[in-house]
Structures are given as structure tokens and as C-alpha cells.
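Protein chains: 2
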Amino acid sequence: MDDEPQARGTGRAEPNGRATVGSLARRAGVSASTVSRALRNDPRISPEVRARIAALAVEAGYTPNVLARTLVGGRSGLIGLVLGPVENPFYAELMQQAVSQAAARGWRLLLLHAGPGPIEDATAEALLQYRVDGCLITSAELSSRAAAICAANGVPVVMVNRVAREHGCAVSCDNRAAGAELARLLVAAGHRKLAVITGNAATSTSIERAESFAAQAMAAGLPAPTIITGGASHAAGYAAGQAIAALPLAERPDAVFGVSDILAMGAMDALREAGLSIPGDISIVGTDGIGPASRPPYRMTTIAQPLAAMVGRGMDLLLARIGGAVLPQEVVLLRGTLIPRHSARLPPGMVPVS
Amino acid sequence: MDDEPQARGTGRAEPNGRATVGSLARRAGVSASTVSRALRNDPRISPEVRARIAALAVEAGYTPNVLARTLVGGRSGLIGLVLGPVENPFYAELMQQAVSQAAARGWRLLLLHAGPGPIEDATAEALLQYRVDGCLITSAELSSRAAAICAANGVPVVMVNRVAREHGCAVSCDNRAAGAELARLLVAAGHRKLAVITGNAATSTSIERAESFAAQAMAAGLPAPTIITGGASHAAGYAAGQAIAALPLAERPDAVFGVSDILAMGAMDALREAGLSIPGDISIVGTDGIGPASRPPYRMTTIAQPLAAMVGRGMDLLLARIGGAVLPQEVVLLRGTLIPRHSARLPPGMVPVS
DNA sequence: TTGAAAGCGCTACCAA
DNA sequence: TTGGTAGCGCTTTCAA
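Those sequence lines, one after another, are chains A and B.
Sequence positions in the first sequence follow the UniProt record's numbering and run 1 to 354.
Sequence positions in the second sequence follow the UniProt record's numbering and run 1 to 354.
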């Protein structure tokens, strides 16, 4: 293990490894406790001593060893991050938010998983091994093993864009409101035959959006929307679009709701390839508000999720529980924003963005 | 710290906190040393004892505290990850590769940065504070501060998709070969007036691709390609496309090389909006091989980077240096793969994919 | 084959 | 205002 020759970098002030509280104490002629306190700006340390130690620390290139600090009983400052398939830009955008907002709070992210499917068991262990203070989950599912680990060890969990079925808090877009709003929009625009492309069957997000969309359509007196099985990828949306294009004309919907933008984009690509014009022949709407959906080929009418706010609220929930406080599990629903664009025929008077 | 009411979840075997080597030792009636050795499968421990302790560990839900293990002198098992702007799916795809390949090697990723611009100084510190064993950088630039930190502290650094200017190893696609190959392709297809949309001016990736593209074009007897200033985003490509469309007809190129797919996609969107047909009026080619570039609206002719191999080689380089071994800095160039698609008129005999 | 002791770097408690 | 001591959880000599 350690018998390899240690090539400890170039001329650091500390000849033999990095500066420590101990080495600073020796050089300053004070005790380690004093150094520790001075470095943390403990008001009990005299200004002179504090300044001297601070200068010394800078000179020596001192960096506190967070691991040791954590060992003695504090927080690790680490948040476990679990991401869904980043083929969906939604997760990539969410990740970028998470990184910057975590940094703003002095936290670091331990990237545990990214991709489809649940966390592997071995990875879930890392969450304990590194003593993460909390966990931010955005994947389709927290593996039951990981969930058990968190629950059993008091690691707070917050799911973003998902409502947890078992353990933990959640921050989510108001998916029911979103589904209903899109249905109302399509109805008002004069559409009579709706279809919905479903997402991952196991996710609350997909279910809620699809259900409320259908319920609203029926409440408006339309027949139940045709249900097309989709998935979580562009490819799944594409396949769904092909299926729609293959429908006999009498059964073809005049408006389609893809429960996520990436899905709706796939469907749009397939429908256009089949020779249909959007929104001339068929209107398409999605949800999420991802960047690519706004670009010229798509100009997707969608409900944008308030991503920054969602991540922020998620971290608030985490922070409140990291102290060890026993708080009730909380579900926060944030309202999305309708962005009317050219992918759908719009109700009279509604003007598309851009 | 520990006097707060600990909501220690459900019936963990250890009533008061997590199981430790010490607690297992007490329960097994042996010393901590023995437990430590047994858990690490030290051959000196008798099979019976080892089995007994292993069983006990499982029963108690024991997880080693990596932080403590690191403290005593070992590796942290942490790799710092620095990502560029994830608006470019290339970085998102790279991240997914990095996560799975790191996990396969028993490493975890500390996500330090994601987005445009260099790491903030405060973030760079984290890399020392958490004692990362190495660093994987894919951002436009390692801030000079972060570079200095790594160099001064013997933290191995590998840049992926970038050739480091100062410190560290690099794994990159053979960008010169890629640029030249695309130029040859366009020339062979009969194009006479080429243009190139440049990327971030500071990155080796962009410079190499653009330079070799231009050199090859001129070597084939064409005039120097028009240089259009681009950037790193779809928006930058879009602006470049608008600039091209605004050119007087006599100056308009008949083929455009965007040094990255995302850039080329933006340009294509703008050119189409300006009423030009692709590849009828203008051929467009890119580089990277990102997923969205293969979809119907784009069908981008591109050179795909061998992402998995690049990440793998990057981790190899890191691994070799993490022991502390003093190895020369190494630059690994991997060859990309041409994927001819419909965004460009192709040379006779070359058939587009899909 | 096992145990005792020391120490990694840091903070907290109790004295002074 | 400062120092001494102990201990977080683990590994690793050195002894037995």
C-alpha cells in the first residue's frame, strides 16, 4: 500500500507533507488548541495571536483537513448526489444548479450515481463510508437498499422532481397543475382528440402529469386521451411518435402531450419524418423547460420547472434536517411556468414566446 | 454536536451511533487490531475468528469510516471532477462515463465544478481539504490557482479533451487529424469555399481543430477558410450561422465546419431559419459525436470522440500517478471516428449512416 | 495468531 | 486568553 516512494510535490513550506495545526503551533510557539481556535476565528483568541497565526497559515499554505475535522464529530460537508440519465438535459441542468448552490453553502457534492436505473448497492455504501450529511436524489428510484441505508442511519434524504414513496422529503413541480394547464390550453385551442405519451411508469412525475392531463380533458367533455407508452428518452418519444403516425387517420390525435420535453422532442422528430406538420397537423406540448426544447427545430410549448428554486428548497430541507433534528417529512410543490411556443396551436389571444 | 437528539432511525444493532472497529472488538471479545485485520482479510487471522467477525459486522451493519482510514495515511479514494458547461451534452456524457468508470475502480467522484469559467478559488481548496487522490479536469481551464494547488501538493491531474498548458497529463481526441479529415471530406465532396466557426479561443481543442482544418483546405489548393468567431454554446453557433447567412452571396461559404457539434447545431438552426437548405445550399460538419447531433433535425456529419476510452485512459494515467510515483507527464491522443450523415454533401461513394 | 500502544489531524473539555 | 489532555475510528508497528 504505502511502501511506494512518496513524491510529495515541490517546495511546500512544510518539507514533510502538508502543514497541520500541530506544525503551525510549533512554528508559532503556541499550542495546537490555540491554532485551532485562531483559525476558526474564536473570539477568545487575542487579535495579535490570531493575526500571527493567520499569516503563518497563509505562508505555509495550510489547508484544514476536513476529514479529521469530520472524524472528531462534526459534519462532513458532503452531500450525496444521485442523478438520472443525463441524456435528458434536465438532469444536467439540475446538476449544474446543485453544484453552484451547494458551493454557495459551503457544501461539496459526492457524485454517487448518474444514469438510468437505481444506485448499485456498492455505491450506496459509499454514502455511509464517506459520512455524507445528506442526500439529494433525482433519479428514477432510490434503490431500496440505499433507502434502507439512509433510513437506518439517519441520513436525511430529499428527492427532487420526484415524490418519495417511502423515506424522505421531496421537492417537485406541481405536476398535476401542469398536466391540467396543458390540457386546458389544448382544449381552448380547439383540439378535440388528445393523446399523451407516458414516461417511466414507476415515477410519480409521469403518472401525475398524465393523469391530471387526462382528467382535465375529460372534465372538458372530451373523450379520454389515447395513451401511448413512452419512456424517459428521446428514443422512446420517437418510437411513440412513429406509433402515432401509424394510426389510422380517424384515430389520429390532433394534439399530443409528452410528459417530458425530451419525450415530446422525440415524438416531434418522428411525426415530422412521417410527413406531418407541427402544429399544422398535430400540436405537441411537453413539460420541463429544458434548453434544447426552446430551439428552432422544436420551439416547444411547455411548462418550465423552476429548477433553481427547486434545488434551493431541496437544500433548505436538507439543511434543516442535517442537524439531526427530527422534522416531519415534507413535500414541497412549486408551480411551473407555462411557456407558449410554436409547437402547438394556441388559444385565441395567446402569443407565443420568441 | 452529539448532544442533539439523534434520530437514529430504526433498530440498528448499535444503539448509540454506528458500529465501529472498537464496538465490534468488544462484542467479539478480541482487540481492535484483530477486527481491523479480519475485516481486511489479513491472512494472519484465523479463519474462525475472521468468519465470526465478518458475521458480526454484517449483523451490526458495520461500514468502515473511510475518513478515518484516510487520516491514518491511506488514499481517500476520492477523485475531484471538474466539468465544463453541461449545456453541451458532451460534458454530460463524459460525466456519466466518469461516474461509472470511477465506481468500477472503487473510486468516488467529488464534484468540484460544473459550468463555464474556471473553478473558483474557494472550490479549489476543497480539493485539498478532502484530500482528493487525483483530479479529472474537462473544463475550459483549470484556474491557475487550482493548478498551483495541485502542483504544489503533488495531486495528479489529468485533463480530458484538453491539452494542459502547464501541469498535468492529458487525454484528448486527435483534433488535428479530425480537422484535417473533415476538410478532406468537404473538398472531396466538391466544396470550394469553406468556413470554420471557432470555439473558445483559449482551448487547445478549438485551436487545433480549426488550424488543421484550414491547413488541409489550403493544402488542397483552396483559399483560406473564412473564420467566424463562435464560442462554446448553441447560442454562439446560432449567432455565427446568422452572420454567415448575412454574408453577400459571393462571399457565402458552401461548407461550414463548427469545431464542436453543439456549435454546428446552432449554426444549422440559424441557416435554416434564414431560408437556406442543408446540405443543399450549405454543408455543415461538426465534431464530438454527441447524441442530439444524430437526431433527425441535424443528422450531423461529425467525428465522434471515443468518450469511454478517453475517460478510461484518463483514469489509468491518474491511477499510475496516485501511488506517488514520479512519472513523466503524458499526452494521450485517441483517434476519433468519422460518422458521415446527411448534414453535408458527401464525396462520391460515401454513404451516410442511418 | 493476537494484543497493546501510538498516532493520523483536529476539536472539545477542563484547567490555569 | 491560553494550554493540556483526551478522543473521534482506523491502521500499523512492535511485542507476546
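We treat Cβ as the ideally placed atom computed from N, Cα and C, and that holds for glycine.
What you are looking at is a predicted structure, and each value in this text was computed from that prediction instead of being measured.
For the 8 angstroms CB-CB criterion, A304(B) and I262(B) do not form a contact. Three or more Cβ pairs closer than 8 angstroms define a contact, and the region 171-181 of chain B falls short of that threshold against the region 143-150 of chain B.
D42(B) is classed as exposed because its beta carbon has fewer than 16 other beta carbons within 10 Å across all chains shown. DSSP, read as helix, strand or coil, puts L338(B) in strand. Distance check between G231(A) and each of A308(A), T205(A), G199(A), L307(A) places G199(A) closest, using alpha-carbon atoms only.
Restricting attention to I227(A), I228(A), E273(A), I282(A), the CA atom closest to the CA of L249(A) is found in I282(A).
Under the three-state reduction of DSSP, A224(B) is assigned to coil, being neither helix nor strand. Contact between Y298(A) and G266(A) fails: their C-beta atoms lie close to 10 angstroms from each other, not under 8 angstroms. Inclusion of Y130(B) and R69(A) in the CB contact set at 8 angstroms is not warranted, their separation being larger than that value.
Just so you know, the alpha carbons of L71(A) and L128(B) end up roughly 16 angstroms apart.
For M159(B), the uninterrupted beta strand (DSSP E) run begins and ends at 157-160, by DSSP. In summary, the residues of the region 116-132 of chain B whose CB is separated from some CB of chain A by less than 8 angstroms are E120, A122, T123, E125, A126, L128, Q129, Y130, R131, in the order they occur in the chain.
Here R44(B) has R37 as same chain residues with Cβ atoms under 7 angstroms from its own Cβ, once five neighbours each way along the sequence are excluded.
In the structure shown, the three-state DSSP call for S260(B) is coil. Contact note: L109(B) reaches chain A through L110, L111, using a C-beta cutoff of 8 angstroms and chain order. The Cβ neighbour count for A274(B), taken over all protein chains shown within 10 Å, is under 16; the residue is labelled exposed.
Relative to the Cα of R145(B), the nearest Cα in the group D121(B), A320(B), L276(B) belongs to D121(B). At least 8 angstroms separates the CB of E330(A) from every CB of chain B. For G22(A), the enclosing alpha helix (DSSP H) has its first and last residue at 21-28.
Under the 10 Å beta carbon count, R162(A) is surrounded by 16 or more other beta carbons and is classified as buried. DSSP links V285(A) through a beta bridge to F257(A), T301(A).
Per DSSP, A170(A) is one residue of the beta strand (DSSP E) stretching across 169-173. At a cut-off of 8 angstroms between C-beta atoms, Q96(A) counts as an interface residue with respect to chain B. The residue from D254(B), G258(B), Q329(B), V331(B) with its alpha-carbon nearest to that of R345(B) is D254(B). Around A114(B), the same chain offers L83, V86 as residues with beta carbons nearer than 7 angstroms, after the five sequence neighbours per side are excluded. Taking a Cβ-Cβ cut-off of 9 angstroms, the neighbours of R272(A) in chain B comprise P296, P297, given in sequence order.
Under a criterion of Cβ atoms nearer than 8 angstroms, no residue of chain B is adjacent to N200(A); the nearest Cβ is some 17 angstroms distant. Within 8 angstroms of the CB of D269(B), the CB atoms of chain A belong to R295, P296, P297, in sequence order along the chain.
Residues M315, L319 of the same chain have their beta carbon placed closer than 8 angstroms to that of R105(B), with the five preceding and five following residues left out of the count.
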